[in-house]
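Protein chains in written order, with our numbering: chain A, 1 to 112; chain B, 1 to 113.
Reading through the structure tokens given below for one structure.
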Amino acid sequence: DAKTTQPPSMDCAEGRAANLPCNHSTISGNEYVYWYRQIHSQGPQYIIHGLKNNETNEMASLIITEDRKSSTLILPHATLRDTAVYYCIVRVGVNRDDKIIFGKGTRLHILP
Amino acid sequence: KAGVTQTPRYLIKTRGQQVTLSCSPISGHRSVSWYQQTPGQGLQFLFEYFSETQRNKGNFPGRFSGRQFSNSRSEMNVSTLELGDSALYLCASSSRTRPETQYFGPGTRLLVL
């Protein structure tokens with residue numbers, strides 16, 4: 001089973017910030033939080049990952065709570081092309097014996 | 001760099017047949033993972049290969065198998081196809097320097113009739 005819980009769907013107006021929540025209350029100390037997204041009919045695309053500090057890259061920002069039991073992916077200025085299913089995943093970053101388990105994800109609709 | 005490529009992109013088979021799907025990872029990537037995606041079950045991990053060795057395996061029957069070649073290209077095989085094997089099969093590769101980040105191919109859409 002996936003170790004994360006996400007809302008099944010969310011709407012966001014174009015140009016606004018999209019904030020996608022994820023709960024991972026059973027996360028272990030050495031597990032990272034990863035975010036991927038899948039645009040219709042394409043393979044998943046890596047977005048960002050983090051351990052306990054907030055992270056930012058050219059695509060998004062990742063905010064992880066101090067207790068690491070939840071996180072939020074922020075798309076600062078959402079566009080129609082950001083419409084996709086967003087997956088939040090936890091896994092150990094360097095231990096190669098674990099496997100990535102995808103949950104159901106959040107279907108994000110960007111509204112014009 | 002070219003991304004992960006998968007062939008064929010689309011495939012139609014009938015029950016009982018077998019199928020082989022191919023994946024070429026990003027140049028320099030030695031780890032290849034396979035996933036099955038269906039509307040009902042979502043994305044499910046099949047197996048992972050590194051340096052021609054299967055390193056991890058998901059909960060799929062023995063009809064699903066794979067292998068990796070010395071050039072890191074990988075194939076997966078499904079024997080005795082069932083209707084429920086209809087799915088999008090995705091391949092992902094990762095590098096030694098960033099093993100935690102996977103790059104996915106476009107997938108092979110398999111339809112079993």
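Cβ coordinates follow ideal geometry from the N, Cα and C atoms, glycine included.
Three-way DSSP call (helix, strand, coil) for Asp82/A in this model: helix
Gly66/B in three-state terms, based on DSSP: strand
Contact under 8 Å by Cβ, Ala146/A with Asp82/A: Because chain A here runs from 1 to 112, residue 146/A falls outside it and cannot be looked at.
Cβ pair Arg15/B, Leu88/B closer than 8 Å: no
Contacting positions in the stretch 74 to 105 of chain B - beta carbon closer than 9 Å to chain A: Leu88, Leu90, Cys91, Ala92, Pro99, Glu100, Thr101, Gln102, Tyr103, Phe104 and Gly105
Leu83/B to Arg98/B span [Cα, whole Å]: 37 Å
Alpha-carbon spacing of Val94/A relative to Tyr32/A, whole angstroms: Any reading at Val94/A must be qualified, since the residue scores a pLDDT of 49, below 50, and its modelled position is unreliable; no value is offered.
Whole-number beta carbon distance between Gln37/B and Gly105/B, since they are thought to touch under 8 Å: Contact flag wrong, Cβ pair sits at about 12 Å.
For Gly84/B, three-class secondary structure by DSSP: helix
Residue-level contact to chain A via CB, Gly42/B, 8 Å cutoff: yes
Extent of the continuous beta strand (DSSP E) run through Arg37/A: Glu31 to Gln38
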